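Novice: Protein chains in written order, with my numbering: chain S, 7 to 400; chain B, 2 to 599.
Even for Gly, the Cβ is constructed at its ideal location relative to N, Cα and C.
This structure is a prediction, so every number in the text was calculated from the model and none was measured.
Take a look at the following structure, please.
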Amino acid sequence: MPAIVLRQVTKRFAGGPPAVRDLDLTIPDASFTTLLGPSGCGKTTTLRMIAGLELPTDGEIDIGERNVFSLAQGRSLAPAKRGLGLVFQSYALWPHLSVRQNIAFGLEVQKVNRAETKRRVEAVAESLQIDAYLERYTSELSGGQQQRVAIARVLVMRPDVLLLDEPLSNLDAKLRMDMRAELKRLHAETGATVIYVTHDQLEALTMSTHIALMRDGVLQQFAPPLELYAQPANRFAADFLGNPRINLLEGVVEAGAIVSHGLRVQVGGDGVLAARPGERLTIGLRAEELRLEREGGSGRAAVRILSVLPTGADWYYRVGLGDAVLTVRDDRHPDLREGEQVWLVAAPNPLKVFDEAGRSRTALSGRDAPAAAAQAPGPAPIERRESEREEARA
Amino acid sequence: MITAVRRFRLQLTPQRLFAALFLLVLGYLVVVPLGVMLQETFTVHPLERFQIPGAMTGDFTTAHWERTFVGPHSYAFFYRPLINTLIIALSLSLLALVIGGGLAWLVVRTNLPFKGLISNAAIIPYVMPSWTLALAWLTLFKNQRIGGQPGIFQAVTGIATPDWFAYGLFPITITLALHYFPFGFMLIGGAIRNIDAQLEESAELLGASRATILRRVVFPLVLPAIFSTFLLTFSKGLGTFGTPAFLGGPVREFVLSTSLYANLIGQRPGIGYIAAVVMIAMGVLVLYMDHRIIGARRSFVTISGKGARAGLVDLGRWRTPLAVLVLGFLFSVIAVPIGALAVDTVMLRPGIYNLQNFSLHYWIGEASLAIGLGTGEPGILRNSQLMGALGNTMRLAVVVALVCGVLGMLIGYTVVRLRGTLVSRLLDQLSFLPYLMPSIALGSIFLALFAIARGPIPSLYGTFWLLVIACTVSYLPYAVKAGVNAMMQIGPELEEAAIMSGASWFTRMRRVLFPLQKATYFSGMLLPFISVTRELSLLILLVTPANQLATTITLRYTDRGWYPYTNGMVLMLVIIVITSTIVSRRLMKTDLAKGLGG
Ligand SMILES: Nc1ncnc2c1ncn2[C@@H]1O[C@H](COP(=O)(O)OP(=O)(O)OP(=O)(O)O)[C@@H](O)[C@H]1O
Ligand SMILES: [Mg+2]
């Protein structure tokens with residue numbers, strides 16, 4: 007199954023900033039790649055450009071060995087010739103046709119003979135457990151069943167690439183869990199390359215083999231989920247992934263450590279960080295990388311407990327450190343109360359440090375990520391030269 | 002440069018190709034005519050040579066404008082018809098509004114009995130030709146002094162009707178109001194039906210009385226529909242031709258449309274074209290008002306429509322008397338006129354209404370100069386001229402309905418798919434433009450445009466295709482409105498899903514878009530069909546003896562006072578339109594209100 011390559015793809019709609027900007031992305035063969043990002047960041051637009059429903063303003067797109075779009079060569083392959091299937095967020099089932107007719111439509115258009123059509127429709131319906139409803143109209147189905155019909159309609163064409171635009175957003179929480187498993191199964195069974203759009207970071211982390219994180223039309227980082235979580239390429243990526251949100255603490259470099267309100271985080275002095283003493287850096291600390299202790303000690307900072315939030319399995323504490331409020335997770339029951347004063351210990355693993363422009367100093371990949379100041383919303387300035395990008399890739 | 006060309010080629014989608022095509026065609030059929038018409042008002046026409054000293058045919062002149070506005074006869078030519086037109090349009094709209102709105106409220110919001118019957122019957126006066134009522138009025142109320150023979154009323158009671166009652170502004174206003182009140186019934190009824198009951202209920206919970214709710218909640222929500230109805234009937238009143246021709250002609254009382262016609266086919270075409278320009282200007286004014294007054298308000302009418310229906314008002318003691326009144330009213334505007342026309346066709350000697358005088362001569366009789374009116378014409382059903390004209394009308398109606406249906410669908414598709422672009426807005430507005438032009442003015446435009454060959458386009462005067470083009474342009478606003486409404490109901494993903502399946506544009510139309518909105522598309526075709534069947538004003542200037550239509554030929558019979566033929570023809574047209582309305586409603590779920598696009 008094919009890899010999908012986007013080169014310098016840009017989409018500009020009339021009267022507005024570009025919806026997608028200079029997108030360079032190689033989606034690996036047979037991967038389950040998620041396009042993730044906040045609303046309006048250009049996920050759907052990217053998907054639709056791959057599908058051929060939207061014409062890029064610039065750039066090139068390859069699917070497998072084939073170039074399907076190239077502005078320079080004036081080529082744009084018709085959507086149906088790209089060998090991909092698209093499941094719409096609204097399902098887009100045709101209400102005047104039965105489930106069977108909906109699924110069979112594409113085969114009929116391609117003039118597949120009747121017996122073959124019937125066989126394939128029934129096979130795919132069975133695999134998605136909707137064979138009992140084939141003669142119904144789509145309005146007579148529940149949301150989850152409609153979802154399956156929408157997927158069946160695409161799978162029956164045996165696409166090499168499956169595009170899904172927020173397919174689960176209209177389902178309730180329980181059905182969503184079931185469908186996630188189902189989609190993973192389909193990915194494994196068909197071996198298709200899946201491109202999945204969502205703005206739900208949990209969905210992205212649990213399902214994907216790769217995540218492309220976008221913001222304001224610009225790719226922020228492309229990495230496997232755990233790498234994205236552990237080594238965000240910039241402050242935006244760190245902030246967007248993880249629940250509860252990552253704690254971002256500003257500190258000053260002092261003798262091999264970053265110090266903030268008395269809290270010391272060892273950074274090893276030299277090497278990757280290349281931090282100069284006195285430099286202001288931001289350190290990212292996830293809730294599970296923090297710990298509360300009753301006794302003070304070196305590197306520990308005094309904090310006051312603002313609130314205690316038990317979830318059943320864990321305890322979350324909101325603590326005040328100077329003027330910052332941090333979230334700490336604990337899986338034991340340390341029996342701490344609101345208002346109490348305790349000591350905070352930080353043990354980041356791995357270390358996540360960002361410079362003043364918001365770029366990571368510590369991430370292994372994505373060093374070419376755009377600067378992203380978490381506090382300053384709006385399009386981040388991007389000034390990358392071709393040579394820089396080549397360097398980073400090497 | 003090269004990339005620009007390549008990008009252009011990549012962007013050649015069906016909707017873009019259509020947009021270019023339609024802009025070109027509509028530009029020629031809608032914009033050029035306006036220019037031509039203006040030009041005609043400054044041109045010396047053959048017959049006008051003698052009225053303007055020293056002028057040659059084709060010269061530039063401002064004499065028409067001077068004579069129309071400041072000449073010694075300008076009152077008779079222009080101001081009096083203008084005042085008549087405004088009086089008629091204004092009073093007919095108010096009357097139609099009161100009748101239609103009242104009826105709508107009774108049907109939608111009260112426990113009036115026989116609602117189904119009433120709402121079906123209330124549309125019929127609109128589908129009948131507008132001048133059916135005028136002819137029926139004449140048949141019933143004409144007097145011997147002016148009409149030659151007495152009408153049924155005088156024949157039965159012996160009382161001669163006064164002239165002001167039988168002819169002129171009064172009957173014109175009444176009969177037109179009775180023809181157009183269904184607009185109000187459909188549009189206002191739809192608006193009342195769409196009000197979310199929760200809006201009223203929340204007012205009720207706040208302690209508002211019924212009257213307060215009606216005044217403060219219901220009325221403002223229905224107001225846009227009321228304005229729409231008013232302006233729609235008003236602009237119709239400005240342009241209507243048949244009724245004032247029938248009822249005003251005998252007493253030489255003119256309105257703009259009849260004055261336009263008289264001047265155009267008479268010796269003063271220049272003045273006729275000026276009347277047309279004035280009528281269009283008034284149409285634009287009406288639209289501008291519509292835009293100013295309703296534009297902003299219209300939006301909140303469409304928000305509602307989901308909530309529960311409000312409880313019905315109990316009419317109590319008034320239930321039965323009101324039902325009798327409404328049914329009696331509908332009976333007298335539908336059955337009585339049709340009955341009067343029917344009776345008139347089977348009375349051998351005019352003006353004598355008794356059984357001895359009964360005869361089917363005017364339906365199936367031989368041509369004779371001695372029997373009855375002694376017209377020398379065979380009865381309607383064996384009269385090849387009349388039957389030929391009827392056949393022509395049917396042919397035209399079917400062709401125009403199909404052309405309008407297809408165009409409406411394609412333009413609707415283009416407008417919706419390119420939404421937000423300049424092209425889309427332009428196309429939408431171009432196809433709406435004919436709506437502003439009173440049909441007689443539009444007819445005169447097409448006369449001016451196609452009377453001679455212009456460039457590659459041949460003279461179409463006297464051909465069937467000129468009639469097709471004129472009707473298509475005239476009804477395009479309705480067809481496009483239906484097409485746009487239909488497309489708006491269909492999300493773009495439904496088409497995109499078919500694109501992903503590899504369906505060609507044609508397949509998508511045939512298998513997805515059209516079936517999804519069949520009823521709306523058919524409604525968009527029904528209106529042109531009915532309209533052609535009863536069209537008079539648009540085509541009166543364009544037909545030639547070789548391609549007469551059922552409506553235009555009846556006018557010639559009326560001119561000679563041969564009313565039984567006229568009435569017989571009208572009767573057949575009425576039967577055709579009512580049958581086709583009912584049948585298509587049953588078979589294809591058409592809804593005329595949809596075609597009107599309230
Ligand atoms: N047809 C269009 N015309 C103009 N602007 C558009 C169009 N489609 C999308 N946009 C704009 O492009 C930007 C990206 O839109 P897109 O739909 O790709 O976002 P998204 O990431 O899918 O968001 P969501 O999570 O809300 O679906 C938005 O600012 C949007 O307003
Ligand atoms: Mg989206």
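Return helix, strand or coil for Thr317 of chain S, following the three-state DSSP convention.
Specialist: Coil at Thr317 of chain S, not helix or strand.
Novice: Can you give me the start and stop residues for the beta strand (DSSP E) that Val351 of chain S sits inside?
Specialist: Gln347 to Ala352 is the extent of the beta strand (DSSP E) around Val351 of chain S.
Novice: Taking any Cβ of chain S, which residues in the region 255-278 of chain B have a Cβ under 7 Å from it, in chain order?
Specialist: Cβ contacts with chain S: none found.
Novice: For the alpha helix (DSSP H) that contains Arg535 of chain B, what are its first and last residues?
Specialist: Arg535 of chain B -> alpha helix (DSSP H) spans Lys519 to Arg535.
Novice: What does DSSP give as the partner residue(s) for Gln227 of chain S in the beta ladder?
Specialist: Its beta-bridge partners are S:Leu219.
Novice: Would you grab the beta carbon distance between Leu361 of chain B and Cys472 of chain B for me? Rounded to a whole angstrom, and I think it's under 8 Å.
Specialist: Incorrect: roughly 34 Å between the Cβ atoms, too far for contact.
Novice: Quick one: is His65 of chain B buried, meaning 16 or more other Cβ sit within 10 Å of its Cβ, or exposed?
Specialist: Per the 10 Å Cβ criterion, buried.
Novice: If we count the other Cβ atoms within 10 Å of its Cβ and call it buried at 16 or more, is Phe79 of chain B buried or exposed?
Specialist: Classification of Phe79 of chain B: buried, given that the 10 Å Cβ count is 16 or more.
Novice: Quick check: is any heavy atom of ligand 1 less than 7 Å from the C-beta of Lys49 of chain S?
Specialist: Checking the Cβ of Lys49 of chain S against ligand 1 gives yes.
Novice: Are the beta-carbon atoms belonging to Ala25 of chain S and Gly48 of chain S less than 8 Å from one another?
Specialist: The answer is yes: Cβ separation under 8 Å.
Novice: For Leu327 of chain S, collect the residues of the same chain with a Cβ closer than 7 Å to its Cβ; drop the 5 residues on either side in sequence, then sort them by chain order.
Specialist: Correct list, in chain order: His267, Leu269, Ala307, Val309 and Leu350.
Novice: I want to verify the contact list: residues of chain B whose CB lies under 9 Å from the CB of Gln116 of chain S, in sequence order.
Specialist: Per Cβ cutoff of 9 Å: Ser502 and Gly503.
Novice: So if DSSP puts Tyr202 of chain S in a beta bridge, which residue, or which two residues, is it bridged to?
Specialist: DSSP lists S:Thr40 and S:Leu170 as partners of Tyr202 of chain S.
Novice: What distance in whole Å lies between the Cβ atoms of Leu556 of chain B and Leu528 of chain B, which are believed to be in contact at a cut-off of 8 Å?
Specialist: Going by Cβ atoms, the distance from Leu528 of chain B to Leu556 of chain B rounds to 23 Å, so no, they are not a contact pair.
Novice: Can you give me the C-alpha to C-alpha distance between Arg367 of chain S and Leu22 of chain B, rounded to a whole angstrom?
Specialist: For Arg367 of chain S and Leu22 of chain B, the distance between alpha carbons rounds to 58 Å.
Novice: Leaving out the 5 sequence neighbours to the left and right, which residues in its chain are closer than 7 Å to Leu437 of chain B when beta-carbon positions are compared?
Specialist: Same-chain partners within the cutoff: Ile281, Gly284, Val285 and Leu288.
Novice: Check whether chain S comes within 8 Å of Val513 of chain B, counting only Cβ atoms and requiring the distance to be less than that.
Specialist: Yes, Val513 of chain B lies at the interface with chain S (some Cβ there is under 8 Å from its Cβ).
Novice: Mark Ser502 of chain B as exposed unless 16 or more other C-beta atoms lie within 10 angstroms of its C-beta, in which case mark it buried.
Specialist: It is buried - the Cβ of Ser502 of chain B has at least 16 other Cβ atoms within 10 Å.
Novice: What distance in whole Å lies between the Cβ atoms of Leu411 of chain B and Phe19 of chain B, which are believed to be in contact at a cut-off of 8 Å?
Specialist: Going by Cβ atoms, the distance from Phe19 of chain B to Leu411 of chain B rounds to 6 Å, so yes, they are a contact pair.
Novice: Would you please verify whether the beta carbon of Ala57 of chain S is less than 8 Å from any beta carbon of chain B?
Specialist: Yes - at least one Cβ of chain B is within 8 Å of the one on Ala57 of chain S.
Novice: Please list, in chain order, the residues of the region 30-64 of chain B that have any C-beta partner in chain S closer than 8 Å.
Specialist: Under the 8 Å Cβ criterion, the region 30-64 of chain B contributes no residue.
Novice: Verify the CB distance criterion: does Ala86 of chain S have a CB-CB separation below 8 Å to chain B?
Specialist: It does; some Cβ of chain B falls within 8 Å.
Novice: Compute the distance between the beta-carbons of Val203 of chain S and Asp245 of chain S, then report whether it is under 8 Å.
Specialist: No, Cβ-Cβ distance for Val203 of chain S and Asp245 of chain S is not below 8 Å.
Novice: Give me the Cβ distance between Leu113 of chain S and Arg126 of chain S, rounded to the nearest whole Å; I'm assuming they're in contact under 8 Å.
Specialist: Contact holds; Cβ gap of about 6 Å.
Novice: Got a sec: is the Cβ-Cβ distance from Arg293 of chain B to anything in chain A below 8 Å?
Specialist: Although the question refers to chain A, the structure presented lacks it and instead comprises the protein chains S and B.
Novice: Buried or exposed: Gly238 of chain B, going by 16 or more other Cβ atoms within 10 Å of its Cβ?
Specialist: Its Cβ being crowded by 16 or more others within 10 Å, Gly238 of chain B is buried.
Novice: Please confirm whether Gln199 of chain B has its beta-carbon closer than 8 Å to some beta-carbon of chain S.
Specialist: Not closer than 8 Å to any Cβ of chain S, the Cβ of Gln199 of chain B fails to qualify, so no.
Novice: Tell me whether Pro138 of chain B is buried or exposed, calling it buried when 16 or more other Cβ atoms sit within 10 Å of its Cβ.
Specialist: It should be noted that the sequence gives Trp, not Pro, for residue 138 of chain B. Buried, since its Cβ has 16 or more Cβ neighbours within 10 Å.
Novice: Quick check: is the beta carbon of Arg10 of chain B nearer than 8 Å to any beta carbon in chain S?
Specialist: Yes, Arg10 of chain B lies at the interface with chain S (some Cβ there is under 8 Å from its Cβ).
Novice: Could you tell me how far apart the beta carbons of Pro101 of chain S and Tyr143 of chain S are, in whole angstroms, since I believe they sit closer than 8 Å?
Specialist: About 7 Å separates the two Cβ atoms, so the contact holds.
Novice: Look at Pro439 of chain B and Gly240 of chain B and say whether their C-beta atoms are less than 8 Å apart.
Specialist: A contact, by the Cβ cut-off of 8 Å.
Novice: Assuming contact is defined by CB atoms lying nearer than 8 Å, are Leu103 of chain S and Val160 of chain S in contact in what I supplied?
Specialist: No, Cβ-Cβ distance for Leu103 of chain S and Val160 of chain S is not below 8 Å.
Novice: Please report the Cβ distance between Phe94 of chain S and Met213 of chain S, rounded to the nearest whole angstrom; I am assuming they are in contact, meaning their Cβ atoms lie under 8 Å.
Specialist: At roughly 19 Å, the Cβ-Cβ gap does not stay under 8 Å, so Phe94 of chain S and Met213 of chain S are not in contact.
Novice: Any idea what DSSP makes of Asp68 of chain S, helix, strand or coil?
Specialist: Three-state result, Asp68 of chain S: strand.
Novice: Taking the C-alpha atoms as reference points, what is the distance between Asp315 of chain B and Phe115 of chain B?
Specialist: Spanning the two alpha carbons is a distance of roughly 15 Å.
Novice: In angstroms, rounded to a whole number, what distance separates the CA positions of Phe43 of chain B and Ile89 of chain B?
Specialist: Whole-angstrom Cα-Cα distance: 29 Å.
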